[in-house]
Amino acid sequence: MCGIVGYIGDKDAPLICLQGLRRLEYRGYDSAGISVVVDGLLDTRKVVGKLDNLEALLQTEPLHGPVGIGHTRWATHGKPSVDNSHPHLSCAGDLAVVHNGIIENYSELREQLRGEGHEFRSQTDTEVIAHLIEKLYQGNLGDAVRAACHELRGSFALGVIHQSHPDLLIGARRFSPLVVGIGKGENFIASDMGAIRKWTDQVYVIGDDEMGEITSQGIELFDLEKQPVHREIFNIPWPAEAAEKGGHKHFMHKEIHEQPAAMRECLLGRLSSPDKPIVLEGLNMTDDDIRGLKKVIFAACGTAYHAGLVGSFLMENFARIPSEGDLAAELRARNPVVLEGTLAILVSQSGETADTLVALRELKEKGARVVSVINVVDSSIARESDGVVYIQAGPEIGVASTKAYTLQVLTLQMLACHFAEVRGVQPPEVLRDMKIGIMNVPEQAAECLAREDDVKAVAAKYYQLHNALYLGRGISLPTAMEGALKLKEISYIHAEGYSAGEMKHGPIALVEPALFTVAVAVQGDVYEKMVGNIQEIKAREGPVIALATDGDEYIPGEADDVMWVPACPELISAATAQIPLQLFAYHVADMKGCHIDQPRNLAKTVTVE
Ligand code: F6R
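Numbering-wise (the working numbering), the sequence shown opens with residue 852 and increments by one.
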């Protein structure tokens, strides 16, 4: 989704904005632009397409200046075009606005402003903000932005500059993320701290309905009533290099390979011995709270939803609490019944996904206690939750989520094990084995990565096919669904993740030599049934790749190809079993020459419903 970078200081603002925007490319965008104030005049460059186009334009029509705002746009209102791209300007062309979010009352504001003589150049919701600030401006830019925010409904992160205020950069937010970066003799705004990590490791994460009035020498934070706001400085916990590719061809590849180390980090201080309780700081639940639970609802989107399905399976099967996994985008429509003793667990990498945030608010309003499992620290979902457990994956830049998924799963494994222990629903030796199993996950993940060449060889056999079916049962069903999602989003091969038990009720009609099936057939309770399903597909001449456990002597005789995973208890197989499927999708997409880190039409952080 849209990305914002703003700069004020003694460096060249367009250069900083451009470099910062490059670090936001992963969010997905279709056009870009930059405005600066220089020598008392506002100047702007905008393009359709990639930042390379903007860079090329800046070479032929240079732009320099000490204060500027930049933006990458992911179209919502109006197609990608130069007119619709940001920054948007006032009628007089003296102020510029960049915006991330959706202004819900933009049509009525637009009509009203038009009636008052404002001329619009775009179809966007954002342009009303520029005209609204222009209308309300009486010499104090901060006051005008504040007054405009009062009139806006919906979500926004804003960056604003004005040619009469060459030493002022304004940032404001409601529901869409925005941080203010703290420098020396220079300051920044950005929709994501990764965009400005190269220049600073300290930020203020500003809250909803808060604004920053920023000069090169200082930052003042206010609420919309102009009351000063105090925020603690947030020290970005990862180095600048974490946002670079580090020798890998793609961020996705780097992030797949970061999994074992990130998993060790995630376990650190939480699960250190099978004989000690699991400690989940931030969960904010007493043992009595945990014992009092009657139901757990997981809600999330996309990959995080699949992690929620694994969590839900474990909560019911292992922690013995009735549980369901919901698509966040569907939850509110159902008007869910939330009984006393319900815990809602929201899973999100970004912590900003609009559908998940809406589900959180719905569940909270209905009386659920809300815990979130999040990667991005201090994000909106984290802040609105009663408790938050961070997965500590570090920045995930590839649009296709990989390390965040396996770390969500690992965190949920710990959570379910913790709940089971507190509630006394599993014998001590079973709990002990579960903890040992979870502690082994990082080493097993590393083993899976060491077999990358074998997976790549399988990918080479199938990458030219156009259709795939991913089958799984029980706790491996989300593994199949996530495997299919990964393949379709980065390689554009049509892939369906399906319950192997459901296959006979419809999808089996698709089976033919040109459709390949990936069958998650790791050892466990459902193994024999999975083998039966593989045979059904083979009987209909469908090629099958099995995902199987080391030492399985039977499966190579049944499937055409096998991707192997180390032996582990079925209940904790989900994180490790995902890794060959991530590698498979990656290599298929790479062989097809796809744009792996920024697949078409996708945005990393989906901040609109
Ligand atoms: C797929 C993917 C998406 C996200 C989904 C939720 O690879 O990354 O499906 O999982 O958009 O995003 P978060 O986890 O940020 O809430």
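Built from N, CA and C at the ideal position, the CB exists for glycine as well. All figures in this text were calculated on a predicted structure; none of them were measured in a lab.
For C1000, the closest C-alpha among the options G1058, R1025 and D1018 is that of R1025.
Within the chosen limit of 7 Å, the ligand F6R does not reach the beta carbon of C868 with any heavy atom. Distance from N951 to A1008 at the Cβ level is roughly 4 Å; contact confirmed, criterion being Cβ atoms closer than 8 Å. In the three-state scheme derived from DSSP, where H, G and I count as helix and E and B as strand, D1126 is classed as coil.
Considering only H1099, R1004 and Q989, the residue with the shortest C-alpha distance to E955 is R1004. Annotated as distal: Y1241 and V1250, with beta-carbon spacing of 8 Å or more. The stretch 1340-1347 and the stretch 1419-1426 do not touch, with fewer than three beta-carbon pairs separated by less than 8 Å. Nearest in C-alpha terms to C853, of all of V1198, G871 and G1192, is G871. In the three-state reduction of the DSSP assignment, F1169 falls in the coil class, being assigned neither a helical nor a strand state. Taken from the Cβ of L1263, every heavy atom of the ligand F6R lies 7 Å or farther away. When the five nearest sequence neighbours on each side are left out, the beta carbons in the same chain lying within less than 6 Å of the beta carbon of A1331 are those of Y1321, L1322, G1323, G1348 and V1371, in order along the chain. Contact between the stretch 1171-1180 and the stretch 1279-1287 is absent, with fewer than three C-beta pairs closer than 8 Å. Contiguous beta strand (DSSP E) elements confined to the stretch 1369-1401 occur at 1395-1400, taking only those with 3 or more residues. Here DSSP, grouped into helix, strand and coil, assigns K897 to strand.
A heavy atom of the ligand F6R is found nearer than 7 Å to the CB of C1152. By the Cβ neighbour-count rule, L1019 is buried, with 16 or more other Cβ atoms within 10 Å of its own. In the displayed model, F971 falls within coil according to three-state DSSP, outside both helix and strand. S1015 places its beta carbon 8 Å or farther from that of L875.
Relative to the non-hydrogen atoms of the ligand F6R, the Cβ of V1457 comes within a distance shorter than 7 Å of at least one. Spatial neighbours of E1409 in its own chain (CB-CB distance under 8 Å, excluding positions within 5 residues in sequence) are listed in chain order as V1382, I1385, Q1386, K1389, V1395 and A1397.
The Cβ atoms of V1273 and D1126 do not sit closer than 8 Å to each other. P1329 has its alpha-carbon roughly 14 Å from the corresponding atom of P1431.
I855 and I1087 have their C-alpha atoms some 18 Å from each other. A straight-line Cα-Cα distance of about 29 Å links I1326 and G1218. When DSSP assignments are scanned along the stretch 1236-1299, the uninterrupted stretches of alpha helix (DSSP H) that are 4 or more residues long and fall wholly within it turn out to be 1254-1274.
When beta bridges are read from the DSSP output, K1105 appears opposite no residue.
Remark: the shortest separation between the CB of A1244 and any heavy atom of the ligand F6R does not fall under 7 Å. The C-beta of Q1068 has fewer than 16 other C-beta atoms within 10 Å across all chains shown, which makes the residue exposed.
Using a Cβ-Cβ distance cut-off of 8 Å, the stretch 1153-1167 and the stretch 1255-1266 are in contact, since at least three pairs of beta carbons, one from each stretch, lie closer than that value.
I1148 sits in a strand when the DSSP states are folded into three classes. DSSP, read as helix, strand or coil, puts S1163 in helix. Looking only at A1233, V887 and A864, the smallest Cα-Cα distance to E1037 is reached by A864.
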